[in-house]
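**Q** Same order as they appear, the protein sequences are chains Y and G.
The numbering of the first sequence is the UniProt record's numbering, which starts it at 1 and goes up by one.
The numbering of the second sequence is the UniProt record's numbering, which starts it at 1 and goes up by one.
Note that CB positions come from ideal geometry on N, CA and C, so glycine has one too.
All of these numbers come straight from a predicted model, not from anything done at the bench.
Below you will find the structure I want to go over with you.
Protein chains: 2
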Amino acid sequence: MANFSVDDARALAVGPQVVLADIDPASTPHFDGSKKKLTHEFTEIDEELDELQRKLYANARADMPNTGAVLLVLQGMDTSGKGGQVRHVFRAFDPQGVVHAAFGKPTEEEKAHDFLWRIAPKVPGPGMIGVFDRSHYEDVLIHRVRKLSPPEEIERRYGAINDFEAQLTQRGVKIIKVMLHISQQFQKQNLLERLEDPTKYWKYNPGDVDERALWEQYQQAYEIALRRTTTDYAPWYVVPSDNKPYARMVVKYLLLGALRDMDLDWPPAHFDVEEELHRVRNS
Amino acid sequence: MANFSVDDARALAVGPQVVLADIDPASTPHFDGSKKKLTHEFTEIDEELDELQRKLYANARADMPNTGAVLLVLQGMDTSGKGGQVRHVFRAFDPQGVVHAAFGKPTEEEKAHDFLWRIAPKVPGPGMIGVFDRSHYEDVLIHRVRKLSPPEEIERRYGAINDFEAQLTQRGVKIIKVMLHISQQFQKQNLLERLEDPTKYWKYNPGDVDERALWEQYQQAYEIALRRTTTDYAPWYVVPSDNKPYARMVVKYLLLGALRDMDLDWPPAHFDVEEELHRVRNS
C-alpha cells in the first residue's frame, strides 16, 4: 500500500556539491498524493517503528554489547518546523527511549568552553533515540553570519564536527542530519500566523525578523556547512519543508531506515529460563 | 460522557493511618465499566491534556514568572507497571515538554553522596512534566528491607524527603506520588509471562525473585513510607494496579487534575503586536 519508502527519503541526501537554490522548498519529491494519503503514509509505519525502538531499548537494558543509538539532528531557519517534528514524529516512540535536547543561545559558561562541550553530554546513550533541536551546527551558521567567531575558528569547526561525528559513529550512534528547507515566503506566512493567533504569541521572537533580513547569508552559511560536513557516515538530508506534513513523513522514514539498518532482534535470556520458571512457580 | 473524573482519581489519596492490606490491588474504585469503556475514559481527555501541557510549556518559553512544573513519582513492586505507565500515559504529551528519569541501582559516586544528590538535578524545570520511575523513596524502601542504611539514617530520611518536597512545592512543582499497588499473585503471573515470552526476557531479572521473597517486608516498608511522607502538598495515591488499564487511567486523571489546578492560560505577547506585524509584512 505504501508508495513512499525509506529509499525515497534517503534520496534527499546531498553531496559535497549541493546547491541549495536548486532545491525547491515547496516541492515534495517522490510523493504526489493527497493530504489524506500523506497521513496514511505517515501513520502506517508506526507499528514497525514502535517495535524496532522497543528492541533497541531492550538490547541496552539487557546489556547487550555494541547496542547502538540513533541521533537526529534538526536544523532549519526559524519557523521551519523543528518543534513540530518532535511533537508529531516522536510520539511514535516510547518516551522512555527518547532523549530530546534543544540548544538555544549558549550560557556564559557554555561560551567559555569549546563549542562541542555542551553537545557531547546530550548524545543519546546505547538503546536511545536522541533528537537535537538545533545543534553544534549553530556554531558554524549563526557564528558565520553574525561573525561571532573568527573565520579561522569557524574553519576549524567543520573538521572538528566531522571528527566528532566519526567518533560517535564508531561508538554505534547512527547520525541523521536534516535541514528543514523552507522558502522566505513561507517563513513570512508562518511569522504572520504567530502574530495573528494569540495562542502562538509565545513562539514569536522579534529577533527572528532581524535574522530573516540576513536570509541569503544564512542560505550561504548552510550551503557551506552542508558541503563541508556531509559524509558517508553522517549524511545531510535537505528536506523541502514548505509542506510540513511531507517533511514530517520524510523524517519518520529516515528514522525507520536507521532502525532497520541495525538488524535488531530481541535480546536472548542471560539466565536459565527453565530454572527461573521453576523458581517463580515455587515462589 | 465521562463517568470517571479527577475527583475519583484523587479519592485514592491516602492518609497517615493508611493500612495497605485494606486496599485490594484487584479492585477498580469508582469505575465499574467494561474494558472498552476504560479505553474511552483513557483517551477522552487527551485533547485537554495536550492543550494544558502546551500552555504550561508556552508559559516557560515566554519567561512568564512563576511558571510551574509537574512531577509524577512512580513507585511499586517489580512488574507493577511503572514502565507501562510512561509508555502509555506520557504519549499524550509533546516529547519536548517531558523529562523522564529512571533511578536504578546507584553508582559508586551516587552512593558516596546524600541520597537526594542524584534526585535533585532530575526535578523538572519550569514548564515541564517530569516522571520518576523509582525515586528517592527507594532509599527508605529497599534500604529499610535490605538494611542498606542504619535505622537512624532511614529515620532521618523521611523528614528530609518531606522538607525536599516542601521546597519543590514552594518553587511551583506539583508533586503527585503514586504507588502502583499489585498483589503477590499478580506479580507471579507477570514474572511467568516474562519467562514464557522471548520478547520479554529482557524485562526479567533473577534478582526480582529474591526481592519477591521479601514481599511482606516490602509492604511494611511501603506502609511506613506512605504514612510518614503523605502530605497535603505531596500526597500519596495508592492505585490498585492488578488491572493495568485502570491504573493508567487513574494516573492520567491525576495529571489532568494537577494541570487544571494551575489555571493555565496562553502567555500574552511581550512585544508590540501591531509593530511586529508591520515589520514582518515589510520584510
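Evaluate G/Y233 with the Cβ neighbour count: other Cβ atoms within 10 Å of its Cβ, from every protein chain shown; 16 or more gives buried, anything less gives exposed.
**A** Position 233 of the second sequence, counted from the start, is the residue given in the question as residue 233 of chain G. Flag for G/Y233 reads exposed.
**Q** Find the residues of chain Y that neighbour G/S283, judging by a C-beta separation of less than 7 Å, and give them in chain order.
**A** As a first step, residue 283 of chain G is located in the second sequence; it is residue number 283 there, counting from the start. Result: K188, V209, R212, A213.
**Q** Beta-carbon within less than 7 Å of G/D265's beta-carbon, same chain only, minus the 5 sequence neighbours each way: which residues are those?
**A** Taking the first residue of the second sequence as 1, we reach residue 265 of chain G at position 265. So the list reads K55, once near-sequence residues are dropped.
**Q** Report back the beta-carbon spacing between G/L71 and G/G130 to the nearest angstrom; my notes put them in contact at under 8 Å.
**A** Taking the first residue of the second sequence as 1, we reach residue 71 of chain G at position 71. Taking the first residue of the second sequence as 1, we reach residue 130 of chain G at position 130. With a Cβ gap of about 5 Å, G/L71 and G/G130 count as contacting.
**Q** Within 7 Å of any Cβ in chain G, is that where the Cβ of Y/Q217 sits?
**A** Position 217 of the first sequence, counting from 1, holds the residue named residue 217 of chain Y. Cβ-Cβ to chain G under 7 Å: no for Y/Q217.
**Q** Between G/L195 and chain Y, is there a C-beta pair that is closer than 7 Å?
**A** Taking the first residue of the second sequence as 1, we reach residue 195 of chain G at position 195. Yes - at least one Cβ of chain Y is within 7 Å of the one on G/L195.
**Q** What is the DSSP secondary structure of Y/M179, reduced to helix, strand or coil?
**A** Here residue 179 of chain Y refers to the residue found at position 179 of the first sequence. If DSSP states are grouped into helix, strand and coil, Y/M179 belongs with the strands.
**Q** Helix, strand or coil, according to DSSP, for G/Y237 in the structure here?
**A** Indexing the second sequence from 1 puts residue 237 of chain G at position 237. Three-state DSSP puts G/Y237 in a strand.
**Q** Can you check DSSP and say which residues form a bridge with G/V131?
**A** Along the second sequence, read from residue 1 onward, the residue named residue 131 of chain G stands at position 131. Bridge partners of G/V131: G/L72, G/H100.
**Q** Output, in chain order, the set of chain G residues within a Cβ distance shorter than 7 Å of residue 300 of chain Y.
**A** Here chain Y has residues from 1 to 283 only, and residue 300 of chain Y is not among them.
**Q** Whole angstroms is fine: what's the gap from G/S283's alpha carbon to Y/R144's?
**A** Here residue 283 of chain G refers to the residue found at position 283 of the second sequence. Here residue 144 of chain Y refers to the residue found at position 144 of the first sequence. Each residue's Cα considered, the two are about 22 Å apart.
**Q** Would you verify that the beta carbon of Y/E276 is, or is not, closer than 7 Å to some beta carbon of chain G?
**A** The residue you call residue 276 of chain Y lines up with position 276 of the first sequence. Closer than 7 Å to some Cβ of chain G, the Cβ of Y/E276 qualifies, so yes.
**Q** Given a cut-off of 7 Å, decide if Y/L226 and Y/V73 are closer than it, judged by their beta-carbon atoms.
**A** The count along the first sequence starts at 1 and reaches residue 73 of chain Y at position 73. The count along the first sequence starts at 1 and reaches residue 226 of chain Y at position 226. No. Outside cutoff.
**Q** Taking C-beta to C-beta, are Y/R91 and G/R91 nearer than 7 Å?
**A** As a position in the first sequence, residue 91 of chain Y is number 91, starting the count at 1. As a position in the second sequence, residue 91 of chain G is number 91, starting the count at 1. In this structure, G/R91 lies closer than 7 Å to Y/R91 by Cβ.
**Q** Looking at the structure shown, is Y/M1 part of a helix, part of a strand, or coil, going by DSSP?
**A** Residue mapping note: residue 1 of chain Y aligns to position 1 of the first sequence, counting from 1. The predicted position of Y/M1 is uncertain, since its pLDDT is 49 and thus under 50; a value taken from the coordinates is nonetheless stated next. Three-state result, Y/M1: coil.
**Q** Y/K174 by DSSP, collapsed to three states: which one?
**A** Taking the first sequence and counting its residues from 1, the one referred to as residue 174 of chain Y is at position 174. Strand, per DSSP.
**Q** For residue 286 of chain G, count neighbouring Cβ atoms within 10 angstroms of its own Cβ and tell me buried if that reaches 16, exposed if not.
**A** One cannot answer for residue 286 of chain G here, as it falls past the ends of chain G, which runs 1 to 283.
**Q** Who are the near neighbours of G/A247 in its chain, counting only those whose CB is closer than 8 Å to its CB and skipping five residues on each side?
**A** One-based indexing of the second sequence puts residue 247 of chain G at position 247. Counting only Cβ-Cβ distances below 8 Å, and skipping sequence neighbours, we find G81, Q85, L180, V239, P240, S241.
**Q** For G/I182, tell me which candidate among G/W215, G/G97, G/M249 has the shortest Cα-Cα distance.
**A** As a position in the second sequence, residue 182 of chain G is number 182, starting the count at 1. The shortest Cα separation from G/I182 among G/W215, G/G97, G/M249 belongs to G/W215.
**Q** Under a three-way DSSP split, which group does Y/A13 fall into?
**A** Here the question's residue 13 of chain Y lines up with position 13 in the first sequence. In the structure shown, Y/A13 sits in a strand (DSSP, three-state: E or B).
**Q** DSSP three-state call for Y/H136: helix, strand or coil?
**A** Sequence index remark: in the first sequence, residue 136 of chain Y carries index 136 (1-based). Looking at Y/H136 - three-state DSSP - the assignment turns out to be coil, as it is neither helix nor strand.
**Q** Indicate whether the contact test is met: 3 or more Cβ pairs, each with one atom in the segment 200–214 of chain G and one in the segment 106–119 of chain G, closer than 8 Å.
**A** Touching, no, given that fewer than three Cβ pairs across the two stretches are closer than 8 Å.
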